[in-house]
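The sequence shown begins at 0 in numbering that gives the first Met the number 0 and counts up by one. Note that the Cβ used here is the ideal one computed from N, Cα and C, for glycine as well. Report on the structure given below.
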Amino acid sequence: MQKEINQVFKFRRQRLIELLPCDSIALIFSNDYQIRNRDINYPFRQDSNFLYLTGFNEPDSILVLMTDQSKGVDILFCRPKNHSEEIWQGERLGLTQAKETLNVETAIDIESFQDLFSGWIENKKNIYFNLQMPAKQYQKIKPFLCGMESQDTMIESLHEINHLIHPMRMIKSPEEIMQIQIACDISVLAHKQAMKACKPGQYEYELESILISEFIRKGARFSAYESIVASGQNGCTLHYTNNNSRIKPDDLVLIDAGCEWQGYASDITRTFPASGVFSSAQCAIYDLVLLAQMTVIEALAPGIYWQDMHQLSVKIMTQGLLDLNILEGTLSHLIESKAIQRFYMHGIGHFLGLDVHDVGSMKHQGKRRPLESGMVLTVEPGLYFDQNDLTIPESFRGISVRIEDDLLITPTGVRVLTADLPKTSVEIEAWMKV
Ligand code: GLY
Ligand code: MN
Ligand code: MN
């Protein structure tokens, strides 16, 4: 790891220490290996808070932050060097290197954690950790918490660390924006390749293989989530991941896929016709979703409320469905009765960062929180018409459209991080023809 990068993590730990009251101890656990079967593990993915504060990608580690009257310290518990285990599991940083490379006050063998922790909490008034932590992690601290003077003292001392870390993660630094932009660039390339390669008669997984291959070829070994390649009716299953149907000539294909780069996610959806040409019914729905998406994107800026953006997309698409005779009634009544929820069952988007559905809240102290410069979000309206829905005109049945881009809120407006991917029906048809 480079020195300048280590300073970024040190700076984040210092900011967190400053948020801790005097006489506090905060624990941030790494993830552990997850067993897939017998002695085979799932691919290791670091805990996002731990990664945010350390940049350290090893399991069996705990970051401890402590404050007293005069100062705060950062301590890392991790695995020491072990030649025979490293032969199987790969090289470890070890204690000496961890202290030096990660720039922590001290690095200590993870095996010593409980002994030291039991002494440390005796003179701490506040203990911060993830109150929803996995049981296996909680077991490591439970005996000492239960040993505190009384149940009341214990409950008063325990605090949710996420309430301090999540607001920090909600506003992205220039370094983080750079990583997200790289993830977006790779995902844009992958979507372009898959869109161009699509032919009726292929299986959905053939397109999935192009996406994953492009991610890995560019050094992004992991997807930020399982890719969705949904043809025709499968698009109505919002988190469809079977990806094993044969693509029919008249199908729309909805691809929702994004790679992860240095832990940072991208999250892109495009919908295109398998044949390379939209039918008029497909185009009508596509243009309506696009109108909602572009109108919301143009409205985004610091000070805007996210809840209003969802309502804006509802209003535009409800009016569009009225014009297409898919809904009947007055606009105001249809909006009030949430009539569109049958066809648009999710929100306008979400925060994006180390988690694809990143941490943070659009509410603060019971009030709506306005957008701020440095937030990264997706905008992803969609309309989904089941093939068996006899209440809608036949030509629209089986059509599913979602259009999703990733955006950065800037001091004056918004920057689309995934702008290089064809999006209008004309751009898509032209790209698929080349
Ligand atoms: N790919 C998941 C989502 O769009 O939220
Ligand atoms: Mn999304
Ligand atoms: Mn998505």
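Practice task
Please decide whether C183 counts as near chain B, where near means a Cβ-Cβ distance under 8 Å.
Solution key: Of the protein chains in the structure, only one exists, and it is not chain B.
Handout entry: Cβ neighbours of M374 in the same chain (closer than 8 Å, five flanking residues each side left out)
Key = M169, I170, K171, F350, G359, L407, I408
Practice task
Run through the region 87-137 for me and flag every whole beta strand (DSSP E) of 3 or more residues, listed as ranges in chain order.
Solution key: 105-108, 125-128
Problem - Cross-strand partners of T268 (DSSP beta bridge) - result: D255, E403
Exercise for the section: Check whether the Cβ of T417 lies closer than 7 Å to any heavy atom of ligand 3, and answer yes or no. Expected result: no
Practice task
Return the chain-ordered ranges of every alpha helix (DSSP H) run that is complete within the region 264-344 and spans a minimum of 4 residues.
Solution key: 279-298, 305-322, 330-335
Exercise for the section: Report yes if the CB atom of M316 is closer than 8 Å to the CB atom of V295, and no otherwise. Expected result: no
Practice task
Measuring from each Cβ to the nearest heavy atom of ligand 3, keep the ones under 7 Å and list them in chain order.
Solution key: D255, G257, D266, I267, T268, T377, E379, E403
Practice task
Report the option in H190, K217, Y263 whose CA atom is closest to the CA atom of V228.
Solution key: H190
Exercise for the section: Check whether the Cβ of V288 sits closer than 7 Å to any heavy atom of ligand 1, and report yes or no. Expected result: no
Practice task
Tell me whether H356 sits in a helix, a strand or coil according to DSSP, three-state version.
Solution key: coil
Problem - DSSP-derived helix/strand/coil call for F384 - result: coil
Problem - N- and C-terminal bounds of the alpha helix (DSSP H) containing H238 - result: Careful: H238 lies outside any alpha helix (DSSP H) and carries neither H nor E.
Handout entry: Cα-Cα separation between W260 and Q178, rounded to whole angstroms
Key = 6 Å
Practice task
Report the residue from V187, A97, L64, I39 whose alpha carbon sits nearest the alpha carbon of G54.
Solution key: A97
Practice task
Please indicate yes or no: does the CB of G348 lie closer than 7 Å to some heavy atom of ligand 2?
Solution key: yes
Practice task
Take the Cβ of K422 as the centre, count every other Cβ of all protein chains shown within 10 Å, and call the residue buried at 16 or more, exposed below.
Solution key: buried
Handout entry: Euclidean distance between Cα positions of D404 and S372
Key = 17 Å
Problem - Euclidean distance between Cα positions of S230 and E84 - result: 46 Å
Handout entry: Residue range of the beta strand (DSSP E) that includes L26
Key = 23-28
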